[in-house]
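Chemist:
Next comes the structure, spelled out in structure tokens:
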């Protein structure tokens, strides 16, 4: 087995173990609810028989270990139970609301990489100048307000006062897009409606940017810090002595070793995006998981809470495995040790 | 200590940070004297003066039931800071001790403690706090509990990494050779070397706790009205954009100001104390 593959399998194993831990933790949290979830679900006017029947159906009378067993065996069959809020399988609800949230998060992630990395590189290349100072203050401002504050500010400035972007929603009324992937930006193109795709793009820019701001700040700060460390290394001095263009030194020699920590932070930012999407979506009336998530929490809808958190954590773990894979690919120490063996 | 202070006071950004933090803390401590309408913190209504844009004497306007927005923001700072203080006072010692123990002892202790930490870290912070809040009744105490539950793992991971590096240093070996107890080595030898990193992270985290707590209340899962809270104020105002912009913009700016202050100081401290992430 090559070292790279072994490291990857090790990470995968740890992730599965962690996911199991998450399921236990979230299950415990959901089961310590004060009050009777069956009673809450049915409302104050339900009969005692109905409550007893629902308790039976939800296995609430069994011990918590047995309940967890039912939950896991359902999970292995792709069944997360019925949501008491929508009366539909939790899986179906998630399948309906998740794509919109994922589209927003992916677009945001692209913005984080697209703005955060270049800003960090610029700050490091022109360190201790006004460029550096500006990037530093901007990135600190970016991380200093929660997504919903940026959402309100951006909406006010760029949708109301200067109406460049639509105020809310995901796509204008009147466009009919057959769902294929659930990502409107992709589905519109598959359906052959470039104008609808453009419309969806105009809708996603503001919420995605509001969501991305804190990540842009984090990534640019970290990239700057690591690149400045790299700039102290003798091999950069040598490149400068040889008269290599500044631009090439920055984008090639100084950036490369900093890519690994930057990638790692981008993976971690994914967790922040998954959480903050709840905030931004509710300002822009984005039809994603946010409304569903908050509603099921307020209604103490056990199955839906557990399912939502589990799926979100799963997304996060997958993102981190992808990051680990990318690091394996770009880190020459691991790649080369593989070639030698 | 004196050198640290000297460097901080020469950097305009960290001075700005200190000034912002001082302002917020003063607001929180002397809210009763600063707020022009201290009674508006509670369930007061004044329908003759509701939803008014900024004007004298309501310098930030009034909310939907006629309460002075500025007074409510000043009092909201008190609750935000209290929450941040309580969360950090509980979460930091737990996280630090777990990190020290996992890092120093290694073996299965390390494996178990760090996997538990991983579990907490792999649920996005806000989502974890949300689900805990969903289970409990939304009160200030429960809000503190929810945020504390998600905060300690970050300190565990930080201190764990430092401890693993410090453990290899000569002074730890020397202490082990002269027969110092494990407790002594962990708390009297290694812990002091973690202090700069802890101080830096706590400064930054004061801001981030305020940010997360306001996010929870923005979603309606935090402190409940009529208690003033910056997050729920923004949420309420966001429904009345763009006409009643002051309802959401001023509380939002208040969050930004406080968190920005802690970030500026924390960032400068990181440079001065030389602690890495």
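Chains as they are written, first to last, in the numbering used here: chain L, 133 to 473; chain U, 1323 to 1599.
Don't be surprised by glycine CBs; every beta carbon is placed ideally from N, CA and C.
Can you tell me whether DSSP reads residue 473 of chain L as helix, strand or coil?
Modeler: Summary for residue 473 of chain L: the model assigns pLDDT 43, below 50, so the residue's position carries little reliability, and this model does not support an answer.
Chemist: Is there a C-beta anywhere in chain U that falls below 8 Å from the one on residue 472 of chain L?
Modeler: Confidence is the limiting factor: at residue 472 of chain L the pLDDT is only 48, short of 50, which leaves the residue's position unreliable, though a coordinate-based value still follows. Closer than 8 Å: no.
Chemist: Check whether the segment 1534-1554 of chain U and the segment 1492-1501 of chain U are in contact - that is, three or more C-beta pairs closer than 8 Å.
Modeler: no
Chemist: Could you work out which residue in L:277, L:204, L:342 and L:159 is closest to residue 247 of chain L when comparing CA atoms only?
Modeler: It is L:342.
Chemist: Give me, in chain order, the residues of the same chain whose beta-carbon lies closer than 6 Å to that of residue 359 of chain L; leave out the 5 immediate sequence neighbours on both sides.
Modeler: Cβ within range, chain order: 256, 386 and 390.
Chemist: What distance in whole Å lies between the Cβ atoms of residue 1577 of chain U and residue 1532 of chain U, which are believed to be in contact at a cut-off of 8 Å?
Modeler: Contact holds; Cβ gap of about 7 Å.
Chemist: Kindly list the residues whose CB is nearer than 6 Å to the CB of residue 1591 of chain U, restricted to its own chain and excluding five residues on each side of it in sequence; keep chain order.
Modeler: 1522 and 1525
Chemist: Which residue's Cα is closest to the Cα of residue 149 of chain L: U:1353, U:1442, U:1372 and U:1385?
Modeler: Here the closest residue by C-alpha is U:1442.
Chemist: What residues of chain U sit near residue 272 of chain L, judged by a beta carbon separation below 7 Å?
Modeler: 1582, 1585, 1586 and 1589
Chemist: Taking 8 Å as the threshold (C-beta atoms), are residue 1465 of chain U and residue 437 of chain L in contact?
Modeler: no
Chemist: Any chance you could list the alpha helix (DSSP H) runs of at least 4 consecutive residues sitting entirely within the segment 329-414 of chain L, in chain order?
Modeler: DSSP runs (the alpha helix (DSSP H)) wholly in the segment 329-414 of chain L: 366-373.
Chemist: Look at the alpha carbon of residue 473 of chain L and the alpha carbon of residue 134 of chain L, and state the distance between them as a whole number of angstroms.
Modeler: Reliability of the predicted coordinates at residue 473 of chain L is poor, the pLDDT of 43 falling under 50, and the value obtained from them is presented with this limitation in mind. C-alpha separation (whole angstroms): 8 Å.
Chemist: Report, in whole angstroms, the separation of the C-beta atoms of residue 459 of chain L and residue 392 of chain L, which I expect to be a contact under 8 Å.
Modeler: 5 Å
Chemist: Which of helix, strand or coil does DSSP assign to residue 299 of chain L?
Modeler: Coil at residue 299 of chain L, not helix or strand.
Chemist: According to the neighbour-count rule (16 or more other Cβ atoms, all chains shown, within 10 Å of its Cβ), is residue 1565 of chain U buried or exposed?
Modeler: Per the 10 Å Cβ criterion, exposed.
Chemist: Residue 1437 of chain U versus chain L: which residues are under 9 Å apart at the beta carbon?
Modeler: Chain-order list of chain L residues neighbouring residue 1437 of chain U: 146, 149, 150 and 153, by C-beta distance under 9 Å.
Chemist: Which residues share a DSSP beta bridge with residue 221 of chain L?
Modeler: In the DSSP output, where bridge partners are listed per residue, residue 221 of chain L has L:214.
Chemist: Using 8 Å as the threshold, is the segment 264-284 of chain L in touch with the segment 353-367 of chain L, meaning 3 or more CB pairs across them?
Modeler: yes
Chemist: Are the segment 400-417 of chain L and the segment 184-196 of chain L touching, with three or more C-beta to C-beta distances below 8 Å?
Modeler: Counting C-beta pairs with one atom in each stretch, the segment 400-417 of chain L and the segment 184-196 of chain L have fewer than three that are closer than 8 Å, which means they do not touch.
Chemist: The alpha helix (DSSP H) that contains residue 1498 of chain U, what's its start and end?
Modeler: 1492-1499
Chemist: Pop quiz: residue 1364 of chain U and residue 1573 of chain U are said to be a contact at Cβ under 8 Å. What is the actual Cβ separation, rounded to whole angstroms?
Modeler: Wrong, their Cβ atoms sit about 17 Å apart, outside the cutoff.
Chemist: The alpha helix (DSSP H) with residue 180 of chain L in it runs from where to where?
Modeler: 180-189
Chemist: DSSP on residue 1470 of chain U, reduced to helix/strand/coil?
Modeler: helix
Chemist: Give me the subset of the segment 1537-1571 of chain U whose CB atoms are less than 8 Å from a CB atom of chain L, sorted by chain position.
Modeler: 1537, 1540, 1541, 1542, 1543, 1553, 1556, 1557, 1559, 1560, 1563, 1564, 1567, 1570 and 1571
Chemist: Answer yes or no: does any C-beta atom of chain A fall closer than 8 Å to that of residue 408 of chain L?
Modeler: Of the protein chains in the structure, L and U, none is chain A.
Chemist: CA-CA distance, residue 219 of chain L and residue 232 of chain L?
Modeler: 21 Å
Chemist: Three or more C-beta pairs closer than 8 Å, one from the segment 1377-1387 of chain U and one from the segment 1326-1333 of chain U: is that the case here?
Modeler: no
Chemist: Could you tell me which whole beta strand (DSSP E) segments of length 3 or greater appear in the segment 1332-1420 of chain U?
Modeler: none
Chemist: Go ahead and pull the three-state DSSP assignment for residue 1506 of chain U.
Modeler: DSSP, reduced to helix, strand and coil, places residue 1506 of chain U within a helical segment of the structure shown.
Chemist: Have a look at residue 1507 of chain U and residue 1482 of chain U and give me their C-alpha separation to the nearest angstrom.
Modeler: In this structure, the straight-line span from the alpha carbon of residue 1507 of chain U to that of residue 1482 of chain U is close to 15 Å.
Chemist: Identify the continuous alpha helix (DSSP H) that holds residue 312 of chain L and give its terminal residues.
Modeler: No alpha helix (DSSP H) holds residue 312 of chain L; DSSP gives it neither H nor E.
Chemist: Report the CB separation of residue 351 of chain L from residue 249 of chain L in whole angstroms; it is logged as a contact under 8 Å.
Modeler: 6 Å
Chemist: Is any beta-carbon of chain L found at less than 8 Å from that of residue 1518 of chain U?
Modeler: no
Chemist: Using a cut-off of 9 Å between C-beta atoms, extract the partners of residue 287 of chain L located in chain U.
Modeler: 1560, 1563 and 1564
Chemist: Whether or not the segment 271-284 of chain L and the segment 292-308 of chain L are in contact is what I'm after, with contact meaning three or more pairs of Cβ atoms, one per stretch, closer than 8 Å; do they touch?
Modeler: no
Chemist: Measure from the alpha carbon of residue 244 of chain L to the alpha carbon of each residue in L:209, L:211, L:447 and L:394, then state which is nearest.
Modeler: L:394
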